[in-house]
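Participant:
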Amino acid sequence: TMDHWTYPQVIKMLEGGNKQLETFFERHALTKNTFVPQNTTNNNNNNHSDTNNNLTVANLSMMRYKTKAALFYRQQLDHHIQNLLENPKPYRGRKTKVKRRPLGTQTSTI
């Protein structure tokens, strides 16, 4: 139900939630700002759609979830979550790569 989440579901949402999926779609040119319509006459070179070649700017928000890229995202996320759940260490949050500046290199805004 909407009010009850299992532990694996919570971990999956934390690891692969909206921000991560949106970033993935941006990298694969599946956002309205990055999408480039493919030539529908050449099915072999279309990286975005499956068999229909129906991906357009107008239906992009809905159809992108049915692409090969989205399937890949789901499969890799499931594999990642399975690995996390098999780890005997408790979940400590999503690992992020943060670029840190060396001390004394901050710029002043004054």
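First residue of the sequence shown: 942, per our numbering; consecutive thereafter. The C-beta atom is built at its ideal place from N, Cα and C for all residues, glycine as well.
(1) Within a Cβ cutoff of 8 Å, which residues of the same chain sit near TRP946, ignoring the five residues on either side of it in sequence?
(2) Considering only residues of the same chain and omitting the five flanking positions on each side of PRO949, which have a CB-CB separation below 7 Å?
(3) Report yes if the CB atom of ARG1005 is closer than 9 Å to the CB atom of ALA999, and no otherwise.
(4) Quick check for students: name the residue ranges of the alpha helix (DSSP H) that lie wholly in the stretch 945-979, counting only runs of 4 or more.
(5) Let me confirm a value: PHE1013 is counted as buried when at least 16 other C-beta atoms fall within 10 Å, else exposed. Which label applies?
(6) Please go through the same chain and pick out, in chain order, the residues whose beta-carbon is closer than 8 Å to the beta-carbon of VAL977, but skip the five residues on each side of it.
(7) Which word fits THR964, buried or exposed, when buried means at least 16 other C-beta atoms lie within 10 angstroms of its C-beta?
(8) Count the other CB atoms within 10 Å of the CB of THR1008; is the residue buried (16 or more) or exposed (fewer)?
(9) So the candidates are ASN1028, ASN974, GLN979, ASN1024; which of them puts its Cα closest to the Cα of SER1002?
Facilitator: In brief:
(1) MET954
(2) ILE1022, LEU1026
(3) no
(4) 948-957, 959-968
(5) exposed
(6) ALA970
(7) exposed
(8) buried
(9) ASN974
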